[in-house]
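Let me begin by presenting the structure, written as structure tokens, before commenting on it.
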Amino acid sequence: MSQERPANRFRNQARQVPPTKAAGYSAGSYRAQSSGGRSSGSRSMSRGYWSTAKAFMRERPLLQRLYGYFLKLLLFAFLFSVLWVVVLKFVPVWFTPLVVARKVEAIGAGEDSKIYKTWRSYDRISKEAALAVVASEDQNFPTHWGFDLDEIKDALSEKRKRLRGASTISQQVAKNVFLWNGRSYIRKALEAYFTILIELIWGKERILAVYLNVAEMGPMTFGVEAASQRYYGHAASTLSRAEAARIAAVLPSPRRFSIRNPSAYVQRRTSQIMRQMRALGGQAYIRDL
Numbered sequence: 001m002s003q004e005r006p007a008n009r010f011r012n013q014a015r016q017v018p019p020t021k022a023a024g025y026s027a028g029s030y031r032a033q034s035s036g037g038r039s040s041g042s043r044s045m046s047r048g049y050w051s052t053a054k055a056f057m058r059e060r061p062l063l064q065r066l067y068g069y070f071l072k073l074l075l076f077a078f079l080f081s082v083l084w085v086v087v088l089k090f091v092p093v094w095f096t097p098l099v100v101a102r103k104v105e106a107i108g109a110g111e112d113s114k115i116y117k118t119w120r121s122y123d124r125i126s127k128e129a130a131l132a133v134v135a136s137e138d139q140n141f142p143t144h145w146g147f148d149l150d151e152i153k154d155a156l157s158e159k160r161k162r163l164r165g166a167s168t169i170s171q172q173v174a175k176n177v178f179l180w181n182g183r184s185y186i187r188k189a190l191e192a193y194f195t196i197l198i199e200l201i202w203g204k205e206r207i208l209a210v211y212l213n214v215a216e217m218g219p220m221t222f223g224v225e226a227a228s229q230r231y232y233g234h235a236a237s238t239l240s241r242a243e244a245a246r247i248a249a250v251l252p253s254p255r256r257f258s259i260r261n262p263s264a265y266v267q268r269r270t271s272q273i274m275r276q277m278r279a280l281g282g283q284a285y286i287r288d289l
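Residues 1 to 289 (the UniProt record's numbering) are what the sequence shown spells out, left to right.
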């Protein structure tokens, strides 16, 4: 038999409005006046700060000019970044900061600095390769808006000395195409900004196409076409499921793991990726990007 919950008298007493009608106030008028007083007070304070700041700038013409230049620079950077993203929606990404960095590193070390990279449009790449990287790197890619909040939450909740990565394919593309390598709050903020831009302007298919063309897939090897030609001897358009899964298996560390001579770990990871590809429903999973 259900029992009626006792009234919370302490909470009811706490909700009583202090002023009474006897004091010349109604509950509504008291709330309106008190909230109005707070909002008008905060607005007055904000206007006061802004007036003080403007007066401070007027007294220092050089600082005022520098402030104007800074605002113009911000506007120029914003317009340029949007234009850059729009252009790359239609133009192949021939090089990235990472490609340049690898080239410079190889020259500095006296090693072979030849870059293996060949651009291929999305329709000339096996959809097994597209499905493999989605299954391996970002299974929520078709549905999220650039950030996988569930993955981020899981990564933060794990008790590790070093947080595991939770970057989506969109975030990786934003970093590889527009930014430098490294870890800093500034770079992460810019990565988030470019991730939003490419999600809005490029769309999923273009993001995945760029990823498949710029991701590092071996020493001095960028893009699935170059990896397929170099390690399998044929075009990316004819990649089998097993070949595509092995390429995806080395993506976490493409200079450590090998497609041509896969370690036991790479072979296990390849099998896992193939199972995930089947579990997602095959190529139909990415058909309507």
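Ideal Cβ placement from N, Cα and C applies to all residues, glycine included.
Nothing here was measured: the structure is a model prediction, and the numbers come from that model.
Whole-angstrom distance between residue j and residue i, CA atom to CA atom
i, j, result
"residue 222", "residue 73", "34 Å"
"residue 202", "residue 55", "44 Å"
"residue 81", "residue 139", "28 Å"
"residue 286", "residue 142", "7 Å"
"residue 252", "residue 116", "19 Å"
"residue 217", "residue 99", "12 Å"
"residue 191", "residue 76", "18 Å"
"residue 128", "residue 49", "59 Å"
"residue 79", "residue 70", "14 Å"
"residue 5", "residue 150", "Bear in mind that the predicted position of residue 5 carries a pLDDT of just 48, short of 50, making it unreliable; the figure below should be weighed with that in mind. Going from the Cα of residue 5 to the Cα of residue 150 covers about 37 Å."
"residue 224", "residue 210", "10 Å"
"residue 68", "residue 59", "15 Å"
"residue 237", "residue 124", "5 Å"
Option in the options with minimal Cα separation from residue i
i, options, result
"residue 256", "219, 119 and 96", "219"
"residue 274", "135, 285, 198 and 191", "135"
"residue 290", "171, 205 and 199", "Residue 290 is absent from the model: the chain starts at 1 and stops at 289."
"residue 258", "276, 79, 109 and 227", "227"
"residue 168", "145, 265 and 110", "145"
"residue 174", "187, 181, 194 and 180", "194"
"residue 206", "62, 58, 152 and 288", "288"
"residue 267", "107, 122, 248 and 184", "248"
"residue 97", "110, 177 and 277", "177"
"residue 182", "147, 101 and 215", "101"
"residue 243", "271, 198 and 264", "271"
"residue 282", "197, 241, 104 and 64", "241"
Helix, strand or coil at residue i according to DSSP, with G and I counted as helix
i, result
"residue 111", "coil"
"residue 146", "coil"
"residue 178", "helix"
"residue 263", "coil"
"residue 137", "helix"
"residue 96", "coil"
"residue 235", "coil"
"residue 164", "In this prediction, residue 164 has a pLDDT of 44, which is less than 50 and means its spatial position is unreliable; what the coordinates show is noted afterwards. Coil, per DSSP."
"residue 68", "helix"
"residue 257", "coil"
"residue 170", "helix"
One or two residues paired with residue i in a DSSP bridge
i, result
"residue 128", "The partner list for residue 128 (beta bridge, DSSP) is empty, contrary to what the question assumes."
"residue 222", "117 and 216"
Environment of residue i [buried if 16+ CB atoms lie within 10 Å]
i, result
"residue 126", "buried"
"residue 92", "exposed"
"residue 66", "exposed"
"residue 246", "buried"
"residue 61", "exposed"
"residue 86", "exposed"
"residue 120", "buried"
"residue 215", "buried"
"residue 284", "exposed"
"residue 130", "buried"
"residue 133", "buried"
"residue 269", "buried"
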